[in-house]
Structures are given as structure tokens and as C-alpha cells.
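**Student:** The structure follows.
Numbering (this note's numbering), first residue to last: 54 to 459.
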């Protein structure tokens with residue numbers, strides 16, 4: 054059962070969202086989720102309410118492990134809904150895990166113990182609030198087989214890549230600058246870990262490799278795409294990667310901030326925290342049917358449509374909606390230009406009647422509609438009024454109560 058279906062079972066309130074193909078754009082023009090996540094052709098009509106299907110966007114976990122049995126890179130693969138390809142999202146291996154009250158702070162890296170991925174996978178799911186459908190913990194031989202399908206790729210590195218071997222020697226894996234590297238070199242960069250080197254120094258190397266791979270794949274490798282069922286979640290990790298490589302791939306790397314020594318990092322480890330608003334924004338864009346939500350009983354599920362090509366604006370609306378207590382289930386960038394006033398769309402008046410949003414998002418126009426998407430209670434289409442409001446009011450209202458993760 055997908056996360057969207059779980060929410061459907063828990064709640065009957067739903068709301069409309071339009072069927073325009075969605076994309077989350079970066080300032081450089083990179084499309085993060087260029088696929089139609091809403092399918093009006095598979096929608097149903099019940100009591101004159103049209104329900105649009107959110108196409109499946111399953112998630113796999115891809116981690117690499119070196120000869121010293123250390124996790125060196127962590128990424129999640131979100132497949133595009135109803136099409137080939139998808140998105141690779143990188144996470145620092147030493148990102149701070151979400152822990153329960155009373156638990157000692159730890160990194161997701163620390164949860165991979167004696168080759169058992171169970172706790173590690175659970176920590177990644179908890180950090181991103183998603184359900185993972187397949188797992189690949191890949192060693193050198195596994196990576197060579199996987200990336201051998203891609204072939205050589207042009208990589209631009211911002212510094213030399215070095216690694217410490219099990220016997221303590223330090224080797225240079227790749228040099229700073231631009232070069233076309235073979236599969237063995239690409240794999241060696243992903244597996245490289247130098248003793249006492251901060252994760253921050255390694256993270257850009259990973260970005261360089263995955264960016265090179267996505268560019269090499271282009272519009273898709275010539276694989277056996279005809280036998281791929283786009284309406285079903287792949288049964289295993291190999292199936293995920295086959296579908297990913299058969300279409301265009303986008304790449305995102307989460308921003309991360311070093312956690313200083315203190316209560317959250319009592320042992321002064323090399324540890325990094327993610328921006329929770331960015332995490333929600335990206336996962337709600339590329340993997341909406343895999344999001345598990347906050348778990349807060351009665352939390353309304355919201356879709357955000359932004360006609361702005363600006364992830365700063367998308368992140369800000371997500372930050373404010375989460376502070377109110379909403380579950381942000383879907384984020385899309387839609388064709389512009391934006392309207393002057395933010396638009397709210399809802400089907401059931403009860404999903405909207407008691408909401409007081411103006412202190413968080415500014416002025417808006419609310420309208421009842423007869424079209425809805427599965428699992429969504431409220432649709433928000435951002436207007437210019439929101440951009441002006443949050444720039445004039447950068448801080449959240451003092452009465453904000455951010456919901457607990459429990």
C-alpha cells in the first residue's frame with residue numbers, strides 16, 4: 054500500500070488539483086521533476102467530483118560501501134510517474150538521523166553495522182519521511198556492473214580526490230579539473246574516503262560524478278525499455294535502475310550544515326543536518342506517492358503549485374505550511390505567469406472553513422471546486438501576493454507551533 058493510499062484510507066476529505074505537467078526548476082534551468090504526476094485519463098467521477106490519479110513515484114535507496122565496509126555515498130532514486138527516467142537525490146552519508154526522545158544523536162552512516170542495512174534504511178526513511186521500495190548497498194563490483202551500462206563520462210572536480218586504503222596508505226583517485234573518466238574511475242570516486250576528511254569535502258565529488266552520469270545518460274540509454282511496465286513499481290533494485298537509465302535523469306543534492314559540538318553532537322563528530330523544508334519540498338516534488346507524512350492525526354494534506362521558477366519561493370511556502378501543521382504532499386512548478394493573488398482550491402468546505410492562513414501566506418482567494426486529486430485536501434496556487442508577503446514578513450508568527458515528529 055502506498056503512502057497516498059494510506060492517507061486515503063485515513064481521511065475522506067480531498068481537494069482539487071489541475072492536471073498540468075509539473076516541474077521543479079533550478080535557477081540554472083535544471084528540471085527536477087519533469088513529468089506529469091497527475092493523470093486525468095485515469096481519473097474517476099464520483100458524485101460529480103472528478104478525482105485525478107497521482108501516478109506512482111516509487112523510491113529506492115542506493116548506497117555505496119568501500120573495502121573497509123564503510124558507507125561512502127547515500128542517494129535515493131525517485132522514478133518518474135508514468136514515464137522512464139527519474140531523479141537522483143544525494144544525502145550526506147554523515148547526515149544527522151532523526152532520533153526519538155532519549156536516544157543518543159547519531160548519523161545515518163553509523164546505522165550500517167556488520168553489513169545489515171535494516172537500521173540504516175529505517176534511518177533514511179525517517180530522515181526523508183518516505184517509504185523505500187527497494188535497496189541497493191553496492192560494493193565496487195556491484196558499481197562496476199551498474200555504471201558499466203553508462204560508459205565513460207566527463208567529470209568536473211573542484212579538488213583532488215584521495216582515499217585511504219585498508220592498510221593506511223593514501224592514494225590519489227582523480228585530479229582537480231575536467232576529464233573524461235572511465236567506469237573504474239567513476240566508481241573509485243564514489244568509494245573514496247580519506248581518513249579525517251570532512252564529509253563536506255567529499256560531497257562535491259559525489260555531485261560531480263552523479264551529474265556526469267546524468268549527462269551521459271541523456272534522454273535515456275538504449276536498454277530494453279519496451280518491456281518496462283510504467284504503471285507498476287519495479288520488484289527489485291535492478292528493475293529500478295533499468296527504468297531510471299532508460300529515460301532522462303535529473304539530479305539534486307541536499308544542502309547540509311555542520312552540526313557543532315554540543316547537545317545535538319555530544320561527541321563532536323563529523324555530522325551534518327539537512328534543511329527540513331528543502332527535504333519536504335524536493336520529496337513532495339519527485340516522490341509524492343512515497344511520502345509518509347507527519348503522522349499527526351487530522352493533518353490536512355496540501356498540494357502547492359508554483360508558477361515561479363524559483364526553489365527559494367517553493368521552499369518558503371513549504372516552511373510556512375509545515376509550521377501551520379499541514380502535510381505537504383505534492384509540490385509542482387506550473388506554467389506562468391503568476392496571478393496577482395494566491396489561489397486556494399478545495400472540495401469540502403470542512404477542509405477549509407476553520408483555517409486561518411493570512412498570517413502565514415498573505416492575502417488569497419478561496420474557491421470551492423468539483424475536481425480533486427487523490428489524498429489531497431487543499432490546493433494552493435501561489436500568486437505574486439505571496440512573494441511580496443513573505444519578503445515583507447520573513448519571520449513566522451510568534452504563535453506558530455511546529456508539529457511534533459512523533
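Cβ coordinates follow ideal geometry from the N, Cα and C atoms, glycine included.
Keep in mind it's a predicted model, so treat the numbers as computed, not measured.
#1: Are the region 102 to 113 and the region 128 to 140 touching, with three or more C-beta to C-beta distances below 8 Å?
#2: Report the rounded CA-to-CA distance for residue 249 versus residue 258, giving the unit in angstroms.
#3: Would you decide whether residue 350 is buried or exposed? Buried here means 16 or more other CB atoms lie within 10 Å of its CB.
#4: Who are residue 317's beta bridge partners in DSSP?
#5: So, are the CB atoms of residue 281 and residue 357 less than 8 Å apart?
#6: Give the DSSP-derived three-state secondary structure of residue 80 in the structure shown.
#7: I'd like to know whether the C-beta atoms of residue 387 and residue 360 end up nearer to each other than 8 Å.
#8: Give the secondary structure of residue 415 by DSSP, where H, G and I count as helix, E and B as strand, and everything else as coil.
#9: From residue 102 to residue 430, what distance separates their C-alpha atoms?
#10: Going by other Cβ atoms of all chains shown within 10 Å of its Cβ, with 16 needed for buried, is residue 320 buried or exposed?
#11: Please state if the CB of residue 104 and the CB of residue 425 are separated by a distance shorter than 8 Å.
#12: State yes or no: is the C-beta of residue 252 within less than 8 Å of the C-beta of residue 147?
#13: For residue 306, which beta-bridge partners are listed by DSSP?
#14: For residue 371, count neighbouring Cβ atoms within 10 angstroms of its own Cβ and tell me buried if that reaches 16, exposed if not.
#15: Taking 8 Å as the threshold (C-beta atoms), are residue 107 and residue 342 in contact?
#16: Assign residue 398 to buried or exposed, taking buried as 16 or more other Cβ atoms, counted over all protein chains shown, within 10 Å of its Cβ.
#17: Can you confirm whether residue 221, when its beta carbon is compared against all beta carbons of chain B, has any partner nearer than 8 Å?
#18: Look at the alpha carbon of residue 369 and the alpha carbon of residue 263, and state the distance between them as a whole number of angstroms.
#19: Pull up the distance between the alpha-carbon of residue 74 and that of residue 91, whole angstroms please.
#20: Rounding to the nearest angstrom, what Cα-Cα distance links residue 442 and residue 421 in this structure?
#21: With DSSP as the reference, identify every bridge partner of residue 272, one or two as the case may be.
#22: Which stretch, first to last residue, makes up the alpha helix (DSSP H) that contains residue 331?
#23: Which of helix, strand or coil does DSSP assign to residue 441?
#24: Let me know if residue 316 comes out buried or exposed under the rule of 16 or more other beta-carbons within 10 Å of its beta-carbon.
#25: What are the boundary residues of the alpha helix (DSSP H) that includes residue 195?
#26: Residue 129 bridges to which residues according to DSSP?
#27: Are the beta-carbon atoms belonging to residue 128 and residue 142 less than 8 Å from one another?
#28: Straight-line CA distance for residue 196 to residue 121?
#29: Is the number of C-beta pairs between the region 225 to 241 and the region 186 to 203 that are closer than 8 Å three or more?
#30: Go ahead and pull the three-state DSSP assignment for residue 134.
#31: Identify whether residue 236 lies in helix, strand or coil by the three-state DSSP scheme.
#32: Do you know how far the Cα of residue 268 is from the Cα of residue 244?
#33: Exposed or buried, residue 216, counting other C-beta atoms within 10 Å across all chains shown (16 or more means buried)?
#34: What are the partner residues of residue 354, as DSSP defines its beta bridges?
#35: How about residue 161 and residue 177: do their beta carbons lie closer than 8 Å?
#36: From 396, 438 and 402, pick the residue whose C-alpha is nearest to that of residue 415; which is it?
**Tutor:** Concretely, from the data shown:
#1: yes
#2: 16 Å
#3: exposed
#4: The partner list for residue 317 (beta bridge, DSSP) is empty, contrary to what the question assumes.
#5: no
#6: Low local confidence applies: a pLDDT of 31 at residue 80 is under 50, so the model's placement there is unreliable, with the coordinate-based value given in what follows. Three-state result, residue 80: coil.
#7: yes
#8: coil
#9: 13 Å
#10: exposed
#11: yes
#12: yes
#13: 143
#14: buried
#15: yes
#16: buried
#17: In summary, chain B is missing from the structure at hand, where a single protein chain is found.
#18: 27 Å
#19: Unreliable positioning characterises residue 74 in this predicted model, as indicated by a pLDDT of 27, which lies under 50. The coordinate reading is nonetheless provided below. For residue 74 and residue 91, the distance between alpha carbons rounds to 7 Å.
#20: 24 Å
#21: DSSP output for residue 272 lists no bridge partner at all.
#22: 329 to 339
#23: helix
#24: exposed
#25: 193 to 200
#26: 114 and 142
#27: yes
#28: 16 Å
#29: yes
#30: coil
#31: helix
#32: 20 Å
#33: buried
#34: 380
#35: yes
#36: 438
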